[in-house]
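For reference, the structure discussed in these notes is given below.
Numbering (our numbering), first residue to last: 579 to 948.
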């Protein structure tokens with residue numbers, strides 16, 4: 579069974595939107611790959627480690643349908659966003675960065691720092707439906723330089739229509755930055771179907787790749803215009819040249835890399851990314867929908883906060899039990915149901931490691947105590 583590939587968690591773990599369960603064999607295999615070069619090689623550890631980074635990039639390219647050279651490892655999404663913003667020249671007569679009040683705060687914090695170089699921040703109010711293209715028609719105005727589009731919003735479980743939004747932005751000469759942190763690994767993504775300029779994401783959630791293995795994708799049509807300020811020897815065209823007076827940007831997305839990179843997180847992430855690629859996101863998504871629908875059947879009319887339409891809902895259900903919320907949270911926790919809470923409700927995200935038996939038990943628990 580596929581579920582047996584993951585660590586054996588004691589309880590019903592529904593936190594894939596936060597930290598996905600790792601693969602069972604990751605610890606042993608990754609530790610060997612990380613430590614053995616120090617034990618067995620003659621000072622060429624970097625060649626061994628960097629080969630895994632390259633394999634990670636290639637796997638990302640295969641997974642998201644783009645060339646390896648367009649991907650750059652990043653410690654986290656927020657750092658990647660900061661590097662992007664400060665790599666661009668402020669356009670004439672365009673100084674607004676547009677985002678939604680439902681976007682992830684950490685990314686917003688990074689974008690807000692752009693005000694120090696002349697940008698202004700404009701927010702689409704929470705009350706507006708971001709699946710309504712008229713909202714984007716109204717807000718993508720002539721003074722917008724860049725728009726942040728979060729494919730899956732963590733607070734409400736809403737899935738946005740990326741292709742129409744990025745196409746609209748491109749037609750209006752607005753750069754687009756897409757955040758796929760909550761969607762990669764649960765929703766099929768084909769970069770070639772989007773008109774994005776930048777994409778940022780991480781492997782810690784649905785990909786079960788652990789923290790520290792983030793990434794960015796840069797549209798090859800704009801890479802030559804990007805001049806990152808946060809650089810280091812791995813941003814260099816030839817990192818091992820070591821000529822202090824001769825810095826040259828890498829010709830591809832690696833110009834965003836920076837100084838000495840982390841290695842261990844990418845050893846974990848490569849294996850999990852390869853596993854998900856082999857299983858298929860479509861398989862994971864169909865299992866997720868089936869499990870979510872079971873839970874939704876047990877809910878009251880107004881309990882489901884996230885969309886009921888699977889085309890608008892992500893892999894996460896946001897549920898609020900009204901006046902019974904605190905009591906239901908207590909009951910779920912007493913029965914080893916693992917989830918977290920946001921202002922709009924509790925978040926539950928079924929993955930392959932959640933069996934039908936687990937979800938049936940959760941459904942019965944809700945039905946009997948609602």
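Virtual Cβ for every residue (Gly too), placed ideally from N, Cα, C.
Could you check which residue in the options has the C-alpha nearest to that of residue i?
i	options	result
residue 845	584, 651, 595, 621	651
residue 905	867, 944, 587, 936	944
residue 631	680, 889, 812	812
residue 645	929, 837, 898, 769	769
residue 804	609, 668, 591	668
residue 708	677, 922, 603, 864	677
residue 897	890, 881, 889	881
residue 868	829, 929, 699, 823	929
residue 731	604, 922, 834	922
residue 705	692, 691, 696, 680	680
residue 773	902, 874, 796, 894	796
residue 951	604, 674, 697	The chain is shown only over 579 to 948; residue 951 falls outside these bounds and no answer can be derived.
residue 759	767, 753, 714	767
residue 837	722, 814, 902	814
residue 949	715, 593, 744, 718	The displayed coordinates of the chain run from 579 to 948. Any statement about residue 949 would go beyond what the structure contains.
Taking all protein chains shown into account, decide if residue i is buried (16 or more other Cβ within 10 angstroms of its Cβ) or exposed.
i	result
residue 616	exposed
residue 733	buried
residue 614	exposed
residue 703	exposed
residue 826	exposed
residue 738	buried
residue 788	buried
residue 763	buried
residue 694	exposed
residue 602	exposed
residue 820	exposed
residue 891	buried
residue 800	exposed
residue 640	exposed
residue 711	exposed
residue 862	buried
By Cβ distance below 6 Å, which residues in the same chain neighbour residue i in space, the five residues on each side in sequence not counted?
i	result
residue 684	656
residue 931	581, 584, 599
residue 832	650
residue 807	664
residue 660	688
residue 662	776
What residue range is occupied by the uninterrupted beta strand (DSSP E) comprising residue i?
i	result
residue 793	792 to 796
residue 893	Unbroken run through residue 893: none, as it is neither H nor E.
residue 701	698 to 702
residue 675	674 to 678
residue 943	Taken as a continuous stretch (DSSP letters only), residue 943 belongs to no beta strand (DSSP E), being part of the alpha helix (DSSP H) at 934 to 947.
residue 918	918 to 920
residue 780	776 to 780
residue 726	722 to 728
Grab the span of the alpha helix (DSSP H) containing residue i for me, first residue to last.
i	result
residue 655	655 to 663
residue 757	Per DSSP, residue 757 belongs to no alpha helix (DSSP H); it is in the beta strand (DSSP E), 753 to 757.
residue 741	740 to 749
residue 717	711 to 717
residue 888	No alpha helix (DSSP H) contains residue 888, which DSSP labels as neither H nor E.
residue 911	903 to 912
Since residue i sits in a beta bridge, which residues does DSSP pair it with?
i	result
residue 650	794
residue 857	Paired residues: none, contrary to the question.
residue 924	897, 919
residue 601	584
residue 606	Answer is none; residue 606 lacks a bridge partner.
residue 626	Bridge partners of residue 626: none, in fact.
residue 770	According to DSSP, which records beta bridges pairwise, residue 770 is partnered with nothing at all.
residue 593	927
residue 737	730
CB-CB under 8 Å to residue i, same chain, minus the five flanking residues each way: which ones, in chain order?
i	result
residue 622	615
residue 687	656
residue 637	848, 851, 852, 855
residue 841	612, 627, 630, 631
residue 878	899, 900, 948
residue 889	737
residue 698	673, 674, 675
Could you pull out every residue in the same chain whose Cβ sits closer than 7 Å to the Cβ of residue i, ignoring the five residues on either side in sequence?
i	result
residue 653	790, 792, 840
residue 741	771, 772
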